[in-house]
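Visitor:
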Amino acid sequence: MKMLAAFLFVNLLALPGFALERVNVYPNHEIGYLSLEFGEVPVGQTVMLEVGINAPANKDLNINSITIAGETYQAETNCGDTVSAGKFCVIDVYFTPTSVDEFYGELGIKTSEGNLILKLYGYGK
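Whatever position you read off the sequence shown (first residue = 1), add 1 for our numbering.
1. Taking C-alpha atoms, which residue in Pro43, Ala56 and Lys126 lies nearest to Gly87?
2. Excluding sequence positions up to five away, which residues of its chain have a Cβ less than 6 Å from the Cβ of Thr47?
3. Give me the residue from Gly81, Ile92 and Val44 with the minimum Cα distance to Thr99.
4. According to DSSP, is Gly127 part of a helix, a strand, or is it coil?
5. Apart from the five residues just before and just after Val84, which ones in its own chain have a Cβ nearer than 7 Å to its Cβ?
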């Protein structure tokens with residue numbers, strides 16, 4: 002049985018079964034749901050938070066897809082298709098509010114070790 006565990010760092014989310022350093026949030030789930038909050042951001046300004054993906058120490062991690070939904074969110078990554086055993090890659094998630102309002106989105110990460118949907122929240126002020 003695959004194990005997907007998600008670990009929320011201050012600005013970093015790791016997907017271990019892969020690598021472990023903090024509190025185990027969702028062990029033994031095929032899909033985990035977590036959130037990343039950007040807080041209040043002035044309209045037109047951009048805030049970036051990092052999401053890290055760590056491969057297991059003993060095998061490569063295949064990245065099947067990284068998707069983002071939400072008109073005020075964008076993502077850039079250095080992940081490629083495979084993260085070598087014991088290594089990590091980073092997804093930079095950007096939030097730029099377009100008005101004074103609440104904005105929601107999702108970051109989807111599908112890997113050979115399981116899937117993660119990260120809910121995105123931000124507020125334009």
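Built from N, CA and C at the ideal position, the CB exists for glycine as well.
Guide: In brief:
1. Nearest of Pro43, Ala56 and Lys126 to Gly87, Cα basis: Ala56.
2. Correct list, in chain order: Tyr95 and Thr97.
3. Cα-wise, what sits closest to Thr99 is Val44.
4. The shown model of the chain, from 2 to 126, leaves out residue 127, and the question about it has no answer.
5. Counting only Cβ-Cβ distances below 7 Å, and skipping sequence neighbours, we find Ile54, Ala56, Asp61, Leu62, Ile64 and Cys90.
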